[in-house]
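Trainee: So the protein lines, in turn, are chains A and B.
Residues in the first sequence are numbered from 4 upward in steps of one, following the working numbering.
Residues in the second sequence are numbered from 7 upward in steps of one, following the working numbering.
Cβ coordinates follow ideal geometry from the N, Cα and C atoms, glycine included.
Treat the numbers as computed from the prediction; the structure is a model and nothing was measured.
Take this structure, written in structure tokens, and hold onto it; I'll ask about it next.
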Amino acid sequence: MEWNFRNDLPVYSQLVEQIKRGIVSGAFAPGERLSSVRDMAMEAGVNPNTMQRALQELERQGLVYSQRTAGRFVTEDTQTIEDSKRALAREQTEAFRKAMETLGYDRAEIVALLQEEA
Amino acid sequence: MPILECRELSKRFGKTAALDNVSLKLEPGRVIGLLGPNGSGKTTLIKLCNGLLTPSEGEILIDGEAPGPKTKAVVSYLSDKEYLPDWMSTRQLMDFFEDFYKDFDRQRAEEMLLRLGLDEKQKVKTMSKGTREKVQLILVMSRRAKLYLLDEPIGGVDPATRDYILDTIIRNYNPEAAVLISTHLIADVEQVLDEVIFIQNGQILLQSDVDSIREEKGMSVDQYFREVFKC
């Protein structure tokens, strides 16, 4: 997985976002065992405590779970993954709509443009 | 208990105060950046912590003890200068470290050397600057210390070596040890840090979590540093 970080946001929230994208896009498959915190931190080039914090947040959101001895896994609940994907798609759509509105397009024009593209 | 505590610590050289009334605490399990411009007191602070200098005023406690033989056994120090005797081979250096430090983990050092493809028989004399820096870091990070003091570990190395050094620091992360990294190259290290300390003219300007700075200021620690230390 490719890791990219912006300067103006906490590293932790960017890790949450990028791992989440990995899960909804299938780069991390449902039920897949994740590498150890240290290995994931090394791969991303970040502090292990920050990676740990990000994984805990994803646990809280139900996208990953840990098993005391076996490690951490991506959820097998495809509905949760689908919901997350939907939420990310909404954010993207919203951002796109706002950007188009600043160019002076209204909703109907945006839809027309998208259909033209397709 | 903090692994390192400074209480109203000052160090003067003649009339110049290199450190001026510094109080701080470092907790185990954290990687901390000691950030400041040249001449701000970074090296003085580190040398006080490992007993190479003695305080003019105030005190330092490492794992509850004043710097001395007991604390030297738990502090692993990377000097900003090259100090390895150049007639020695890497293997001899490992023997040397093994004799000197009870907590030296030879197997760990050998693994790291192997990963780099370094020959244990190579003498320091024939090593490139980058290789010498890597060997020095491997020796220092192979100790099972409680406090690592790394003085400018990434100054003057190429980007690949720098990545290797940061990778080594993450690889050897230990929740019971603290790592203090002094540098003025913040952008390169900020992602591996939990926390930063800004130091200027021998005084602590700020001690804060990296992500708190990014969250509150909406900029990287590097950008924030440039703002605070604008000339």
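Is the number of C-beta pairs between the segment 37 to 54 of chain B and the segment 183 to 190 of chain B that are closer than 8 Å three or more?
Mentor: The segment 37 to 54 of chain B vs the segment 183 to 190 of chain B: in contact.
Trainee: Examine the Cβ distances between the segment 202 to 212 of chain B and the segment 224 to 236 of chain B and report whether three or more of them are shorter than 8 Å.
Mentor: Yes, the segment 202 to 212 of chain B touches the segment 224 to 236 of chain B.
Trainee: Taking the C-alpha atoms as reference points, what is the distance between alanine 166/B and aspartate 173/B?
Mentor: What you label residue 166/B is simply residue 160 of the second sequence in a count that begins at 1. What you label residue 173/B is simply residue 167 of the second sequence in a count that begins at 1. Approximately 10 Å between the Cα atoms of the pair.
Trainee: When the Cα atoms are used, what is the spatial distance from proline 181/B to isoleucine 68/B?
Mentor: Position 175 of the second sequence holds residue 181/B. Position 62 of the second sequence holds residue 68/B. Taking the straight line joining both Cα atoms gives about 17 Å.
Trainee: Where does the unbroken alpha helix (DSSP H) through isoleucine 192/B begin, and where does it stop?
Mentor: For this step, residue 192/B is matched to residue 186 along the second sequence. Segment 192 to 195, the alpha helix (DSSP H) holding isoleucine 192/B.
Trainee: Exposed or buried, which one is phenylalanine 31/A when buried takes at least 16 other CB atoms within 10 Å?
Mentor: Residue mapping note: residue 31/A aligns to position 28 of the first sequence, counting from 1. That one is buried.
Trainee: Are three or more beta carbon pairs between the segment 11 to 24 of chain B and the segment 144 to 159 of chain B nearer than 8 Å?
Mentor: They do not touch, by the three-pair rule.
Trainee: Run through chain A and tell me which residues come within less than 8 Å of valine 198/B, C-beta to C-beta.
Mentor: Reading the second sequence from its first residue, position 192 is the one you call residue 198/B. Correct list: Gly48, Val49 and Asn50.
Trainee: Counting only runs that start and end within the segment 73 to 103 of chain A, where is the beta strand (DSSP E) found for 3 or more residues in a row?
Mentor: Listed in chain order, they are 74 to 77.
Trainee: Quick check on serine 99/A: buried or exposed, where buried means 16 or more other Cβ atoms within 10 Å of its Cβ?
Mentor: The sequence position of residue 99/A within the first sequence is 96, counting from 1. Contrary to the premise, residue 99/A reads as phenylalanine rather than serine in this sequence. By the 10 Å Cβ count, phenylalanine 99/A comes out exposed.
Trainee: To be precise: take each residue of the segment 157 to 186 of chain B, compare its Cβ to all Cβ atoms of chain A, and keep it if any distance is under 8 Å. Which residues remain?
Mentor: Answer set for the segment 157 to 186 of chain B: Asp169, Leu172, Asp173, Ile176, Arg177 and Tyr179.
Trainee: So with Cβ pairs under 8 Å, would you call arginine 41/A a contact of chain B?
Mentor: Position 38 of the first sequence, counting from 1, holds the residue named residue 41/A. By this cut-off, arginine 41/A is an interface position.
Trainee: By DSSP, does tyrosine 83/B sit in helix, in strand, or in coil?
Mentor: Taking the first residue of the second sequence as position 1, residue 83/B is located at position 77. The answer is strand: DSSP assigns tyrosine 83/B an E or B state.
Trainee: What residue ranges within the segment 122 to 178 of chain B form continuous beta strand (DSSP E) runs of no fewer than 3 residues, ordered along the chain?
Mentor: Here the runs fully enclosed are 153 to 157.
Trainee: Taking Cβ to Cβ, would you say aspartate 194/B is nearer than 8 Å to arginine 168/B?
Mentor: Position 188 of the second sequence, counted from the first residue, corresponds to residue 194/B. Position 162 of the second sequence, counted from the first residue, corresponds to residue 168/B. Cβ atoms of aspartate 194/B and arginine 168/B: closer than 8 Å.
Trainee: Would you verify that the beta carbon of methionine 45/A is, or is not, closer than 8 Å to some beta carbon of chain B?
Mentor: Reading the first sequence from its first residue, position 42 is the one you call residue 45/A. For methionine 45/A, the answer is yes, since a Cβ of chain B falls inside 8 Å of its Cβ.
Trainee: Please classify threonine 96/B: does DSSP put it in a helix, a strand, or coil?
Mentor: What you label residue 96/B is simply residue 90 of the second sequence in a count that begins at 1. Helix, per DSSP.
Trainee: What whole-angstrom Cβ distance do leucine 61/A and lysine 23/A have, given they're in contact under 8 Å?
Mentor: For the purposes of this step, residue 61/A is identified with residue 58 of the first sequence, where counting begins at 1. For the purposes of this step, residue 23/A is identified with residue 20 of the first sequence, where counting begins at 1. Confirmed, about 7 Å.
Trainee: What three-state label does DSSP hand alanine 111/A in the structure shown?
Mentor: Along the first sequence, read from residue 1 onward, the residue named residue 111/A stands at position 108. Alanine 111/A falls in the helix class under three-state DSSP.
Trainee: In chain order, what residues of the same chain have a beta carbon less than 6 Å from the beta carbon of lysine 223/B, not counting five sequence neighbours either side?
Mentor: Here residue 223/B refers to the residue found at position 217 of the second sequence. Closer than 6 Å at the Cβ level, and outside the excluded window around lysine 223/B, lie Tyr230.
Trainee: Quick check: what's the CA-CA separation for histidine 190/B versus valine 216/B?
Mentor: In the second sequence, residue 190/B corresponds to position 184, counting from 1. In the second sequence, residue 216/B corresponds to position 210, counting from 1. C-alpha separation (whole angstroms): 15 Å.
Trainee: For arginine 13/B and proline 75/B, what's the separation of their Cα atoms in angstroms?
Mentor: Your numbering for residue 13/B matches position 7 in the second sequence. Your numbering for residue 75/B matches position 69 in the second sequence. Those two C-alpha atoms are separated by around 20 Å.
Trainee: Any beta carbon from chain A within less than 8 Å of arginine 13/B's own beta carbon?
Mentor: Along the second sequence, one-based indexing puts residue 13/B at 7. It does not: the Cβ of arginine 13/B has no partner Cβ on chain A nearer than 8 Å.
Trainee: Indicate whether arginine 149/B and aspartate 109/B have their beta-carbon atoms separated by less than 8 Å.
Mentor: Mapped onto the second sequence, residue 149/B falls at position 143. Mapped onto the second sequence, residue 109/B falls at position 103. Cβ atoms of arginine 149/B and aspartate 109/B: closer than 8 Å.
Trainee: So, valine 49/A versus glutamine 197/B, is the Cβ gap smaller than 8 Å?
Mentor: As a position in the first sequence, residue 49/A is number 46, starting the count at 1. As a position in the second sequence, residue 197/B is number 191, starting the count at 1. A contact, by the Cβ cut-off of 8 Å.
Trainee: Compare the Cα-Cα distances from glutamate 11/B to each of Asp26/B, Gly64/B and Asn44/B and report the closest residue.
Mentor: The residue you call residue 11/B lines up with position 5 of the second sequence. Cα-wise, what sits closest to glutamate 11/B is Gly64/B.
Trainee: Suppose the cutoff is 7 Å on Cβ atoms and the five residues either side in sequence are ignored; what does the same chain contact list for threonine 96/B look like?
Mentor: Along the second sequence, read from residue 1 onward, the residue named residue 96/B stands at position 90. Correct list, in chain order: Leu119, Leu124, Glu126, Gln128 and Val141.
Trainee: Going by DSSP, which residues form a beta bridge with threonine 22/B?
Mentor: Locating residue 22/B in the second sequence gives position 16, where the first residue counts as 1. Threonine 22/B pairs with Phe19/B.
Trainee: Are the C-beta atoms of methionine 225/B and some chain A residue less than 8 Å apart?
Mentor: In the second sequence, the residue the question calls residue 225/B occupies position 219. True, the Cβ-Cβ gap to chain A drops below 8 Å.
Trainee: Tell me where the beta strand (DSSP E) around glutamine 206/B begins and ends.
Mentor: Numbered from its first residue, the second sequence carries residue 206/B at position 200. Glutamine 206/B -> beta strand (DSSP E) spans 201 to 206.
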